[in-house]
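In the UniProt record's numbering, the protein residues as written are 1 to 499.
In what follows, a single structure is set out as C-alpha cells and then discussed.
Right under this line is the structure:
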C-alpha cells in the first residue's frame, strides 16, 4: 500500500481561524451598535434624503446583514404634492461590514460591484437594483464606502425552493418549474457576453465597456480575512490575458493560504451549535492530535501539487470547446457567489426580481461559466462535501439538474434559431462538464478552503502526483505546521487569560 493511500481517512476540514473570526465578529458588532444608535441613524436618514433629492426626508426602516455587507433600508417620504396614502420609494444603503470585509479591498470591491450592476442593467442581462449613488472610499459624508440603490422586494430563491420542493401543491410545483425557466434564461443571457481579458469591467472614456481592472476574486478576499497581512506582491495589477495567468494566481493564493493560516491543519470537525449554526470546532491544547495534523499537512501538499499540475490547466484552457466561436473573445461572465440565496424572486410568480451580491463577478475562463448551477435544489453541496457524503448529495441533486437541463436545452434551441448562432449549446457544455466531473475541479479552483476536500474525495479526477519527489517539501511544511499550531495556541491562551 502506498504511503499516501492512508491519507484517505484524513478529514480535510477547514473552517476559519477562530481567533481572527471572533475578533471580526466583535469588531462588526461594535460598529453595528454605533451605526444603529439613534443619533447615527438620524445622520444616515439626512444623508440618504439629501442624496435622493428629498431634502433629508428619509426614514430608516430596518437592516439585514449578509456575509460581507449590511443593508439599511430607508423609505423616502412622499414629496409635496403627492396624493394621500402614496407610499414613498424605498432605497437600500449597502455598506461593507467592518470585521468581515478586508478593509484594503473595500474600495475595489464596491467599485467593481457597481460597474457590474450597471453593466447588467445597461445590457438587460438580468434585473439588478438600480444604483443611485455610490462611494468607493471613506472620504464621504458617512465615512465609509457605500452603494445607495433601489430596495427590491422579493424572497430569496433558496427559501422558496425549500418550500416548493417539500410542497405537494400543484401551484408550488408550477412555481418550481417557472424558477428553472427563469434561471435558464439568466444563464443563456450571461453566456452571450464575451471578453478579451480576465478581470473586472469598467466604462472607458469613450463610453464603451471593457475589462480594464484586475480580477478581484472571492479567494483573494477570503485570504485577507483569514490571513491578515498576507503578502499581495504577486497579485496582478491589471487584467489577466490567459488561462495560464489565472491558474498562476490561483496557485499563489492556495499556497499563501496554506502557509499563512495558523489553524489550517489543526484537527477539528463540523457540527451544529445550539443556535443551529454550522461551524468548525477545532481541537485545543493537549487534545490536538499532532499525528493527524501531520497527515493533514502531507495531504495538503499533495493536493496543491495536483492543482498546480499542467494537466489540470489543460482541462479548462482555451483549447477546450467552451462554445466560443473561433476567433472570438474567450472569457465570460462568472460569479462563484451566484446562488439561490443571492437571487430574489416573487414568491407568487417565481419570477426573478433581482440578482444581488455581484462583488466577485469577473470575466473569467469560459469553461468556468459552463458548469451547471449547484443550487437547483435546497441541498447545499458544500455541507455534503464537508460531511463526506458526496454520493448522497448527487442522488438528491441529479433529478433537479436533469429537469433544468431539459428546460435550458429547449430555450437554447429557440434562441439559437433567433440569433442564428452555431456555438455548442450551453446545455451540452453543462452536460459535458457534469459527465467529465470537470465542474468539481473548477469548484476547487474557486473555493480554496475546500479544494483539498475535493481532491481527496475525488482523487481519480486529478493527475497523479509523485509523493517521493515532494518528500522534502512535505517535511518542511510539516515543520511549518508545528510552528503555526504553536503560534495559534499561544495566541489563544493569551486571549483567554485576558478574558
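Glycine included, C-beta positions come from ideal geometry on N, C-alpha and C.
Would you kindly check if the distance between the Cβ of residue j and the Cβ of residue i is under 8 Å?
i	j	result
residue 360	residue 399	no
residue 362	residue 198	yes
residue 330	residue 297	no
residue 189	residue 115	no
residue 408	residue 427	yes
residue 149	residue 131	yes
residue 161	residue 30	no
residue 45	residue 74	yes
residue 186	residue 112	no
residue 25	residue 94	no
residue 345	residue 450	no
residue 122	residue 347	no
residue 282	residue 18	yes
residue 96	residue 27	no
Quick one: is residue i buried, meaning 16 or more other Cβ sit within 10 Å of its Cβ, or exposed?
i	result
residue 16	buried
residue 349	exposed
residue 84	A caution first: residue 84 carries a pLDDT of 42, below 50, which makes its placement in the model unreliable, though a value can still be read off. Exposed is the call here.
residue 39	exposed
residue 167	exposed
residue 104	exposed
residue 285	exposed
residue 453	buried
residue 487	exposed
residue 252	buried
residue 299	buried
residue 173	exposed
Taking only the alpha-carbon atoms, compute the straight-line gap between residue i and residue j and give it to the nearest angstrom.
i	j	result
residue 313	residue 405	26 Å
residue 250	residue 445	7 Å
residue 506	residue 228	Nothing about residue 506 can be reported from this structure: the residues present for the chain run from 1 to 499 only.
residue 33	residue 303	43 Å
residue 287	residue 466	33 Å
residue 478	residue 65	39 Å
residue 153	residue 377	22 Å
residue 145	residue 272	34 Å
residue 177	residue 373	15 Å
residue 493	residue 195	51 Å
residue 67	residue 117	19 Å
residue 169	residue 163	10 Å
residue 458	residue 76	53 Å
residue 294	residue 495	26 Å
residue 218	residue 307	18 Å
residue 305	residue 247	13 Å
residue 318	residue 244	Confidence in residue 318 is poor, its pLDDT being 48 and thus under 50, which makes the residue's placement unreliable; the coordinate value appears in the next sentence. Answer to the nearest angstrom: the Cα atoms are 10 Å apart.
residue 202	residue 333	13 Å
residue 127	residue 20	36 Å
residue 473	residue 101	33 Å
residue 436	residue 456	17 Å
residue 193	residue 124	11 Å
residue 210	residue 290	50 Å
residue 475	residue 258	14 Å
residue 355	residue 151	12 Å
Quick check on residue i: does DSSP put it in helix, strand or coil?
i	result
residue 487	helix
residue 60	strand
residue 92	strand
residue 446	helix
residue 106	helix
residue 404	helix
residue 65	strand
residue 37	coil
residue 85	In this prediction, residue 85 has a pLDDT of 41, which is less than 50 and means its spatial position is unreliable; nothing more can be read from the coordinates.
residue 363	strand
residue 354	strand
residue 24	helix
residue 461	helix
residue 312	helix
residue 338	coil
For this session: Would you mind listing the beta strand (DSSP E) stretches within the region 188–263 that are 3+ residues and don't spill past its ends, in chain order?
Result: Within the region 188–263, the complete beta strand (DSSP E) runs of at least 3 residues are 200–203 and 209–213.
Exercise. Which full runs of the alpha helix (DSSP H) of 4+ residues lie inside the UniProt domain "Aminoglycoside phosphotransferase" (107–186), going along the chain?
Worked result: Here the runs fully enclosed are 157–166.
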